[in-house]
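Participant:
Residue numbers (full-length UniProt numbering): 1 to 273.
Below is the structure:
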C-alpha cells in the first residue's frame, strides 16, 4: 500500500488510519523534515544571501567555452567548479576549489571529494562558506518512495552556506533515507551514511585557485569535456526552475516563516519529553 493512500485522523486520538505502522512513521517524519528543510534552506546572513544570488547568476551565465580551460580527461564536473571559482574571484570573493581525501574506518569507506569554499572576512574573522554545485546527488538512493523524492526535490540545487548549516541538511536527509529504505526492507549503504557524507566536507582540504593542468591545449580539452557540458546544461535548467519556483513561493514563504520557526521549536520541545 503506497504512501499516497487517503488517510483519516480521529478527532480524539489523532491517529492515522489506513496506513501501515512503518509507513505511518515515515509519513510523520516527512512533514517534520519538510518544516526543517524549509527553515534551513534560508540564508542566515546578508552575506550568505548575496553570495547565493551571485553563485546563481554566475552559474546561469556560464557557457561551454568556460569549461575548456581547466583539466584534461574526465573530470566529474571539476572544470565547472574551477570556472565558477574564476568568476567568483573576478567578482571579489576569496573562492577556491577544495579537494578532500580520507581513509576508510570501520564501516565507513575511504574516498575523495571536491567542492568550492568562499572565505568571508566581513565579520572580523575568517568564516568558510561551502558552495556545492551538485548537492542533491549526495542523497539519491535506490527504490526511493515518492515521499522521499519530494523531500529530495526540496533541497537546494546548489548549496551555499556554512558547514554547521550543512550538517543539519545531512542529518535530516540521512534519517529520511533510512526511513525510505526501511519501507523496502533495504539497509542504508555505507556511502549514504552520516559519517561518510560528513567526511566529504569535514576532512582536511587542499585549496586550489587554478587547476594544475590548466595549460593543456584547447583542442584536447574540447574532446574530453562533452560530459561536463551536458552536466552544466542540466544544472542550469534545474537551477532556473528552482529560482522560478522560489520567486513564485516567496510571498507565501514570507507569511509562513514565523510558523516554521514556531513549529521547529515545538518539535524540539517534543523531542525533549
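Don't be surprised by glycine CBs; every beta carbon is placed ideally from N, CA and C.
Do residue 206 and residue 99 come within 7 angstroms of each other at the CB atom, strictly closer than that value?
Facilitator: yes
Participant: Going by beta-carbon coordinates alone, are residue 135 and residue 152 separated by less than 7 angstroms?
Facilitator: Not closer than 7 angstroms, so no.
Participant: For residue 130 and residue 161, which I take to be in contact (beta-carbon distance under 8 angstroms), what is that distance rounded to the nearest angstrom?
Facilitator: 6 angstroms
Participant: Per the DSSP calculation, residue 129 is bridged to which residue(s)?
Facilitator: According to DSSP, which records beta bridges pairwise, residue 129 is partnered with 118 and 162.
Participant: Just mark residue 172 as buried or exposed, buried being the case when its beta carbon has 16 or more other beta carbons within 10 Å.
Facilitator: buried
Participant: So, with DSSP's three-state summary, where would you put residue 97?
Facilitator: strand
Participant: Could you tell me if residue 156 is buried or exposed, where buried requires 16 or more neighbouring beta carbons within 10 angstroms of its beta carbon?
Facilitator: buried
Participant: Once you ignore the five residues that flank residue 170 on each side, which residues in its own chain have a CB closer than 7 angstroms to its CB?
Facilitator: 194, 197 and 198
Participant: Run through DSSP, which three-state label would residue 143 get?
Facilitator: Residue 143: coil per DSSP, three-state reduction.
Participant: Take the Cβ of residue 97 as the centre, count every other Cβ of all protein chains shown within 10 Å, and call the residue buried at 16 or more, exposed below.
Facilitator: buried
Participant: Would you kindly report the start and end of the unbroken alpha helix (DSSP H) that includes residue 79?
Facilitator: 78–90
Participant: Measure the C-alpha to C-alpha separation of residue 115 and residue 208 and round it to an integer number of angstroms.
Facilitator: If I take the Cα positions, the gap works out to 11 angstroms.
Participant: To the nearest whole angstrom, what separates the beta carbons of residue 163 and residue 128, a pair I think is in contact under 8 angstroms?
Facilitator: Their Cβ separation, rounded to whole angstroms, is 7 angstroms, which keeps residue 163 and residue 128 in contact under 8 angstroms.
Participant: Would you please state the rounded distance, in angstroms, between the beta carbons of residue 80 and residue 231? I believe it to be under 8 angstroms.
Facilitator: 7 angstroms
Participant: What residues are listed by DSSP as bridge partners for residue 209?
Facilitator: As DSSP reads the structure, residue 209 sits in no beta bridge.
Participant: Identify, in the order they occur along the chain, each residue of the same chain with its Cβ nearer than 6 angstroms to the Cβ of residue 178, setting aside the five sequence neighbours on each side.
Facilitator: 188
Participant: Starting from residue 60, trace the alpha helix (DSSP H) in both directions and tell me its first and last residue.
Facilitator: The continuous alpha helix (DSSP H) containing residue 60 extends over residues 46–61.
Participant: Within its chain, find whatever has a CB closer than 6 angstroms to the CB of residue 87; leave out the 5 residues flanking it on each side and keep chain order.
Facilitator: 58
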